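Numbering (this note's numbering), first residue to last: 1 to 266. Don't be surprised by glycine CBs; every beta carbon is placed ideally from N, CA and C. All figures in this text were calculated on a predicted structure; none of them were measured in a lab.
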């Protein structure tokens, strides 16, 4: 049986005891390499660029440059991140920056283990997503064995299948099976019946690759397949929702209601 690849972890905390606490817990985990222990934000930005860790345990409150500022400085290239801090007031902002978890000191071994497992799963998802993106690019360029896009009369190419990671494999989900799609941080969540699949794809990029005759953007965070819609409902307060055939309800943005009604009437 092939060994799992080593998970490369960077620890960033201005307190030596904080760095050692995380390092000690990580040393109990199999398949983990601590690639660095950094004490300030500016050095963390440089280390992330040079060491290319898979996972970063990042303190929020540090002199000079906070952990939140580190994430903003790195941007889309920021590895999977778990924030570790003595304060919980930055939790919402941390999750807005796509942190996978937020540990508040003092934390026990069990809480750390839960955060680490969640982060390891996210790293694997990222790896599978990158593979899926490469496969998607190849298929969109016109793969011969398994075409994933159709070419309508307009010349535009639209997806017919989307690669997703599932139980260590990359599966191809027919877009005709998708009920709706929700934004989930940097990911898109494909809802297929009672199953949900995460892919790392911005909603706008995904919308551009879906046939507008079949899908409609109903909200900045939602795309719905038109033939799954059963009814457009008033939800009160001037708000509207789409009721889907599977019973799900998806909110319609006020700015998009008129367009959604036109699309449903075609």
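Relative to the C-alpha of residue 48, which residue among 29, 80, 174 is closest?
Within the chain shown, numbered from 1, the residue matching residue 48 stands at position 48. That would be 80, whose Cα lies nearest to the Cα of residue 48.
Per DSSP, what are the beta-bridge partners of residue 37 in this structure?
Position 37 of the chain shown, counted from the first residue, corresponds to residue 37. The partner list for residue 37 (beta bridge, DSSP) reads 11.
Assuming the contact rule is C-beta atoms closer than 8 Å, residue 65 and residue 36 should be a hit. Round their C-beta distance to whole Å, please.
Along the chain shown, read from residue 1 onward, the residue named residue 65 stands at position 65. Along the chain shown, read from residue 1 onward, the residue named residue 36 stands at position 36. Rounded, the Cβ-Cβ distance is 16 Å, inconsistent with contact.
Alpha-carbon to alpha-carbon, residue 31 and residue 113:
Numbered from its first residue, the chain shown carries residue 113 at position 113. Numbered from its first residue, the chain shown carries residue 31 at position 31. Going by the C-alpha atoms only, they are around 14 Å apart.
Nearest residue (CA-CA) to residue 210, options 69, 18, 224
Stepping through the chain shown from its first residue, residue 210 is reached at position 210. Taking only the C-alpha atoms, the option nearest residue 210 is 224.
Expected contact under 8 Å - CB spacing of residue 213 and residue 180 to nearest Å
Numbered from its first residue, the chain shown carries residue 213 at position 213. Numbered from its first residue, the chain shown carries residue 180 at position 180. With a Cβ gap of about 16 Å, residue 213 and residue 180 do not count as contacting.
Measure the C-alpha to C-alpha separation of residue 254 and residue 248 and round it to an integer number of angstroms.
As a position in the chain shown, residue 254 is number 254, starting the count at 1. As a position in the chain shown, residue 248 is number 248, starting the count at 1. Residue 254 and residue 248 have their C-alpha atoms some 19 Å from each other.
CB of residue 38 within 8 Å of CB of residue 22, strictly
As a position in the chain shown, residue 38 is number 38, starting the count at 1. As a position in the chain shown, residue 22 is number 22, starting the count at 1. No. Outside cutoff.
Pick helix, strand or coil for residue 255, following the three-state DSSP scheme.
As a working mapping, residue 255 is identified with position 255 in the chain shown. Residue 255 falls in the helix class under three-state DSSP.
Could you check the C-alpha separation between residue 182 and residue 83 for me, to the nearest Å?
The count along the chain shown starts at 1 and reaches residue 182 at position 182. The count along the chain shown starts at 1 and reaches residue 83 at position 83. Cα to Cα, residue 182 sits roughly 25 Å from residue 83.
Could you tell me which of 67, 77, 72, 8 sits nearest to residue 87, measuring between CA atoms?
If you number the chain shown from 1, residue 87 lands on position 87. When each option's Cα is compared against that of residue 87, the closest is 67.
How many angstroms separate the CA atom of residue 244 from the CA atom of residue 116?
If you number the chain shown from 1, residue 244 lands on position 244. If you number the chain shown from 1, residue 116 lands on position 116. Approximately 37 Å between the Cα atoms of the pair.
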